[in-house]
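Written below as structure tokens is the structure these notes are about.
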Amino acid sequence: MKYLCTILLFLSLIFSSNSQIIPNGQIDNMDELIKKEVISIPMSDGTKLATNIYLPIFMDSVVTTINIGGTNYTVQIIPKNTQFIIYDNTNITKESYRLPIILTRTPYGKDDETGGALFPMMGYAYATQDMRGRYESEGVYFPMYSDAWPKAPYHPNNTIPMDITTINDNNNALYHHDGSETIYYLADSAYRIFDFNKDGINDTINYSNGKMGMFGASALGNTQYQGISDMPFTKDNPIKCYLPIVATNEHYNTTLFHNGVYRNSLVSGWITGQILNGVHNDSNVVDGGNIYNNIHSPSDYNYTDNLTLANDLIDWFVADELNGSPSGSHPTSIHRIDLDASMAPIDNAGYSQSNGTTSRYKNLNMPGYHLTGWWDIFINGQIETFRKIKEQNPTSTQKLIIGPWTHQTIGSNKVGDMVYPDNVFETLNFDLEGDLDLTTDTSLAYNIYNSELMSWYKKYLGGEPYFIIPESNDWQTLGTNTIRIPSQNYIIPYYKFLNYLGGKAALPNVPFQLKDNGGNISSLTYAIPVNDDPLFYLPQALGATDVNALDNKKDIRMYISGPTNDNDNLGVGNYWMGADSLPFKKGITEKIFYLHQNKTTDGNIPTQNEGVLSYVANPNNPVVTIGGNNMIPKTPDNTQKSQGSMDLANPNYINLTMNRSDVLQFTSAPLTDTLTFVGFPKAGIYAKGHTTGYPTAKTDFDVMVRVVDVYPDGREMLITEGVVNARAREYAKSIFDRDTNETILLTNIDNNTYYYFQFDLLPLGHTFGKNHQIKFLLSSSNYPKYQSNPHLPNEDNEFFRWNPGESKTYMYQGHTYTPQNATITYEFNDDFPSYISLPQLNDSYYLDVPKEKELSYELKLYPNPTQGIVNIAWNHSIKGNVQIISLDGQLLLKKEIHTDNYGTSIDVSTLSKGIYLVRIPEMNQTKKLVIE
Numbered sequence: 031m032k033y034l035c036t037i038l039l040f041l042s043l044i045f046s047s048n049s050q051i052i053p054n055g056q057i058d059n060m061d062e063l064i065k066k067e068v069i070s071i072p073m074s075d076g077t078k079l080a081t082n083i084y085l086p087i088f089m090d091s092v093v094t095t096i097n098i099g100g101t102n103y104t105v106q107i108i109p110k111n112t113q114f115i116i117y118d119n120t121n122i123t124k125e126s127y128r129l130p131i132i133l134t135r136t137p138y139g140k141d142d143e144t145g146g147a148l149f150p151m152m153g154y155a156y157a158t159q160d161m162r163g164r165y166e167s168e169g170v171y172f173p174m175y176s177d178a179w180p181k182a183p184y185h186p187n188n189t190i191p192m193d194i195t196t197i198n199d200n201n202n203a204l205y206h207h208d209g210s211e212t213i214y215y216l217a218d219s220a221y222r223i224f225d226f227n228k229d230g231i232n233d234t235i236n237y238s239n240g241k242m243g244m245f246g247a248s249a250l251g252n253t254q255y256q257g258i259s260d261m262p263f264t265k266d267n268p269i270k271c272y273l274p275i276v277a278t279n280e281h282y283n284t285t286l287f288h289n290g291v292y293r294n295s296l297v298s299g300w301i302t303g304q305i306l307n308g309v310h311n312d313s314n315v316v317d318g319g320n321i322y323n324n325i326h327s328p329s330d331y332n333y334t335d336n337l338t339l340a341n342d343l344i345d346w347f348v349a350d351e352l353n354g355s356p357s358g359s360h361p362t363s364i365h366r367i368d369l370d371a372s373m374a375p376i377d378n379a380g381y382s383q384s385n386g387t388t389s390r391y392k393n394l395n396m397p398g399y400h401l402t403g404w405w406d407i408f409i410n411g412q413i414e415t416f417r418k419i420k421e422q423n424p425t426s427t428q429k430l431i432i433g434p435w436t437h438q439t440i441g442s443n444k445v446g447d448m449v450y451p452d453n454v455f456e457t458l459n460f461d462l463e464g465d466l467d468l469t470t471d472t473s474l475a476y477n478i479y480n481s482e483l484m485s486w487y488k489k490y491l492g493g494e495p496y497f498i499i500p501e502s503n504d505w506q507t508l509g510t511n512t513i514r515i516p517s518q519n520y521i522i523p524y525y526k527f528l529n530y531l532g533g534k535a536a537l538p539n540v541p542f543q544l545k546d547n548g549g550n551i552s553s554l555t556y557a558i559p560v561n562d563d564p565l566f567y568l569p570q571a572l573g574a575t576d577v578n579a580l581d582n583k584k585d586i587r588m589y590i591s592g593p594t595n596d597n598d599n600l601g602v603g604n605y606w607m608g609a610d611s612l613p614f615k616k617g618i619t620e621k622i623f624y625l626h627q628n629k630t631t632d633g634n635i636p637t638q639n640e641g642v643l644s645y646v647a648n649p650n651n652p653v654v655t656i657g658g659n660n661m662i663p664k665t666p667d668n669t670q671k672s673q674g675s676m677d678l679a680n681p682n683y684i685n686l687t688m689n690r691s692d693v694l695q696f697t698s699a700p701l702t703d704t705l706t707f708v709g710f711p712k713a714g715i716y717a718k719g720h721t722t723g724y725p726t727a728k729t730d731f732d733v734m735v736r737v738v739d740v741y742p743d744g745r746e747m748l749i750t751e752g753v754v755n756a757r758a759r760e761y762a763k764s765i766f767d768r769d770t771n772e773t774i775l776l777t778n779i780d781n782n783t784y785y786y787f788q789f790d791l792l793p794l795g796h797t798f799g800k801n802h803q804i805k806f807l808l809s810s811s812n813y814p815k816y817q818s819n820p821h822l823p824n825e826d827n828e829f830f831r832w833n834p835g836e837s838k839t840y841m842y843q844g845h846t847y848t849p850q851n852a853t854i855t856y857e858f859n860d861d862f863p864s865y866i867s868l869p870q871l872n873d874s875y876y877l878d879v880p881k882e883k884e885l886s887y888e889l890k891l892y893p894n895p896t897q898g899i900v901n902i903a904w905n906h907s908i909k910g911n912v913q914i915i916s917l918d919g920q921l922l923l924k925k926e927i928h929t930d931n932y933g934t935s936i937d938v939s940t941l942s943k944g945i946y947l948v949r950i951p952e953m954n955q956t957k958k959l960v961i962e
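With this note's numbering as the guide, the letters of the sequence shown map in order to residues 31 to 962.
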């Protein structure tokens, strides 16, 4: 016993930068805190889908050195294969080791380790699955098809022509619903063999504790919407929350077409890439068309060449008549049922039913955090998806976040040609598309832990986890003594363990027992000292997460972009604002910009027929895509992605995209004040197309509008855009009228005949600066984003898909045609004025009480804008407080006022540049404050 008081415990967890697991009794890198297990999840047709599950388990033992009387002894504190996260800290059983699971389903390969490294470190099991027919999963891959609801209830006799199974075979794609089947299996039937208490007896444990979330962007976000849409709202759903990023559950007017114009680079480019990268010609012989293995070749589709397969698959999606149904280019196509949740009704219990009267969106009744950007490829579809979910589930928690981002820049402040202020990071707290390496970024671990994304999962997946070192039953030799460590379950809030790993705290009160050679046992505790060589960086210690923080934030938050590198417009735009709906229900005035024959635009409607403007649109020489809602196209010099807000006046491509004879430019006078627009712009364009290459009474063309912010220094930044195809004019008009008619048939137009095209543009949230100009561009092409219109009439139910330079021909009414030029003419008159209507944010948006303007109270702010002190004055004696509030409703500063006060000053220099609200609740008065 005399040695007990002199025992010194020294923990030697020496961390290195090696990326391999080294069985040396210490944690050398993050990999040694995560165990990957691979399982196969069977679908109802027997196809097995390969799934990785990442778990918070020590992959090496952890030992320490104990010195007694000058002799060092090695003692194991944590055995190898010990799970260190639990959610139950009271009655520890094997069920305590079940974990909430976050699931990602992907066509890009389940072995991308980013999520596998991140989520277990934040307290969750993480499952990532290869979709059917991809990589290690069995079966045949049909993009965007097998992941949603079964199609057989809606069209049992119309299947994919590349599906080699018979139409009644349960392996046929008509019956696939892999998303929901995966979720149910993971929740109920996926087990692991694990000795949780290290008693030498293996236990069988569910991976899941019954709480599941989902995560993923793009296709990985779409499959969240699709899978949950197939889970009846009347049945207990293991999904407790989900987080789709840049995704949609509505694809016809978002992914495939926009107002009838084919989204060429997105659809053709993505599907081609998927097939060429995952279906291998050199596997044809060994595969032999066996669809029940994980060898993926064209023979699985009864093809010999993957490029031919890709082209035929694209044509099946958008161009070919579908056994009597119009092609996917038409609003009435059966593809709408396959791809758009709104077109696949359910019965009153939530199950698929062709004549059901309930919206499938009723099934999406669990909390959803929908994250996107103004320049995302799916922006209009994700807004529509959010709106439909809220419409069907008004009490369900749904959050929509729209940043100044593109499909591949979520969370970044560098987008297109713009670099936005650092307040872009206020919502996510980190760059989701950046390098998520906790060992190199000095604040990344802290920012991720405190991010809204992690708060979201903690709120709905069980709150704060606990770190556990299970009680040891092993007495280890210590000279003539023995030691048992820990002598009981050591359980602390998990964030304290992260603080230890990050070198910010010790591990206190680790219990251990010492037994001397006489059998006497002493119970002691020891604080493992602060780690001097942390595994990752923390700028400060972590604390418990406020899981209710999101409750006080608006359901919709948007970043309103504005001028950058503009000294005359400092503090203009570039801020976050909150809203309850989008489009807004109040606070918006439609500001109409009429287009004139002299190429100006203003608020004055033409008073007479001003004349016409024309150009020749050559389908083999289209306007080149620069910027916008893109994913695949690059700039002509191949130096960057052609996406987001880009400078169309850049000399490298101004003549390719703007200064061309087939682009009309309409420019406003310099603005005398700033203008902010939020929502969906609208357009009314009076135009005709005239083709003379063939003697046809019918023809076709497109109208394309781009909205540009013209800076005084010469920059011309693309803000948003919109298009309409002449054949889809009535369908586009029904969307324009907010009364979408899904039964409209697309029809050719009369040659050389004027039509009034009214259509929605893609949404925007932007402030134009003082002395800036607003420019509108009219053209009939924007390639490769959109198909270059061949200016040919189409047969009913068909669509002619082609690309510039191709020698493809089209058969119309028995005659063979090739793409031809069209003369596009715009007439500017008072009967059908051409205009662009932008949704302007007005002062009523900032008023919390509609009657405020009727009150006699007066509230004044000066200086406004301010850079530091704001003086606030009012005209009535009142007791209360002055509040400074962010646009998303957060109270930032507050100062009491008394009955003898008629003014006060508040220092706002600690707040970021942007727009805020000054509020005196007792007076029902609110004023807008600009901080520069």
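From the three backbone atoms N, C-alpha and C, an ideal C-beta is built for every residue, glycine too.
Asked, Found
"Quick one: what does DSSP say lysine 881 is sitting in, helix, strand or coil?", "Summary for lysine 881: the model assigns pLDDT 32, below 50, so the residue's position carries little reliability, and this model does not support an answer."
"Considering only C-alpha positions, which residue in the set Asn755, His802, Tyr784 and Thr253 is nearest to proline 820?", "Asn755"
"Only counting runs of 3 or more residues, tell me where the beta strand (DSSP E) segments fall wholly within the stretch 740-775, in order along the chain.", "746-755"
"Please tell me whether isoleucine 866 and leucine 612 are closer than 9 angstroms, where the distance is taken between their beta carbons.", "no"
"Can you list, in chain order, the residues of its chain with a C-beta nearer than 7 angstroms to that of lysine 545? Leave out the 5 residues immediately preceding and following it.", "Trp505, Asn511, Thr512 and Ile551"
"In its own chain, which residues sit with a C-beta less than 6 angstroms from the C-beta of aspartate 377, not counting the 5 before and 5 after it?", "Gln383 and Gly386"
"With burial defined as no fewer than 16 other Cβ atoms inside 10 Å of the residue's Cβ, what is the status of aspartate 177: buried or exposed?", "buried"
"Taking DSSP as the reference, what is the three-state secondary structure of isoleucine 684?", "helix"
"Identify whether aspartate 406 lies in helix, strand or coil by the three-state DSSP scheme.", "coil"
"What does a CB cutoff of less than 6 angstroms around threonine 665 pick up in its chain, not counting 5 residues either side in sequence?", "Ser672"
"Any contact between the stretch 429-444 and the stretch 400-412? By contact I mean 3 or more CB pairs, one from each, below 8 angstroms.", "yes"
"Can you give me the Cβ contacts of isoleucine 522 inside the same chain, cut-off strictly under 6 angstroms, excluding the 5 residues immediately before and after it?", "Phe497"
"Provide the residue(s) that pair with phenylalanine 416 in DSSP beta bridges, ordered along the chain.", "Phenylalanine 416 is not bridged to any residue."
"For leucine 458 and valine 900, I'd like the C-alpha separation in whole angstroms.", "29 angstroms"
"Alpha carbon to alpha carbon, how far is alanine 340 from leucine 822?", "24 angstroms"
"From which residue to which residue does the alpha helix (DSSP H) around lysine 526 run?", "524-531"
"So, for glycine 641: in the same chain, excluding its five sequence neighbours on each side, which residues have a beta-carbon less than 6 angstroms away from its beta-carbon?", "Gln627"
"Could you say which of Trp435, Leu891 and His281 lies nearest to serine 359 if we only look at CA atoms?", "His281"
"Between lysine 728 and asparagine 778, which are expected to be in contact by the criterion C-beta below 8 angstroms, what is the C-beta distance as a whole number of angstroms?", "4 angstroms"
"Sorted by chain position, which residues of the same chain lie with C-beta nearer than 7 angstroms to isoleucine 108's C-beta, five sequence neighbours on each side aside?", "Phe88, Ser91, Val92 and Ile499"
"Suppose contacts are defined by Cβ-Cβ distances below 9 angstroms. Is aspartate 739 in contact with serine 810 by that definition?", "no"
"Which residues does DSSP list as the beta-bridge partners of proline 541?", "Thr555"
"Check arginine 736 in the structure and name its three-state DSSP category.", "strand"
"Measuring alpha carbon to alpha carbon, tell me which residue in Lys763, Thr362, Cys271 and Met73 is nearest histidine 207.", "Met73"
"Run the CB neighbour count on glutamine 638, radius 10 Å, all protein chains shown included, and call it buried at 16 or more, exposed below.", "exposed"
"Ends of the beta strand (DSSP E) at asparagine 294?", "Segment 294-308 is the alpha helix (DSSP H) holding asparagine 294; no beta strand (DSSP E) there."
"Relative to the alpha-carbon of proline 814, which residue among Asp350, Val291 and Asp860 has its alpha-carbon at the smallest distance?", "Val291"
"Put glutamate 888 into one of helix, strand or coil per three-state DSSP.", "coil"
"On the premise that phenylalanine 542 lies in contact with proline 516, defined as a C-beta separation below 8 angstroms, what is that separation, rounded to the nearest angstrom?", "6 angstroms"
"I'd like the ranges of any beta strand (DSSP E) spanning at least 3 consecutive residues and lying wholly in the stretch 113-201.", "129-136 and 155-160"
"Do the stretch 704-713 and the stretch 784-793 touch if we need at least three Cβ pairs shorter than 8 angstroms?", "yes"
"Using 8 angstroms as the threshold, is the stretch 148-156 in touch with the stretch 164-179, meaning 3 or more CB pairs across them?", "no"
"Just how far apart, CA to CA, sit aspartate 632 and phenylalanine 696?", "9 angstroms"
"Which runs of the beta strand (DSSP E) spanning at least 3 residues fall entirely within the stretch 249-291, listed in chain order?", "269-275"
"For serine 126, collect the residues of the same chain with a Cβ closer than 7 angstroms to its Cβ; drop the 5 residues on either side in sequence, then sort them by chain order.", "Ile116 and Asp118"
"Between which two residues does the alpha helix (DSSP H) containing methionine 963 stretch?", "Beyond the ends of the chain as shown, which are 31 and 962, falls residue 963; an answer cannot be given."
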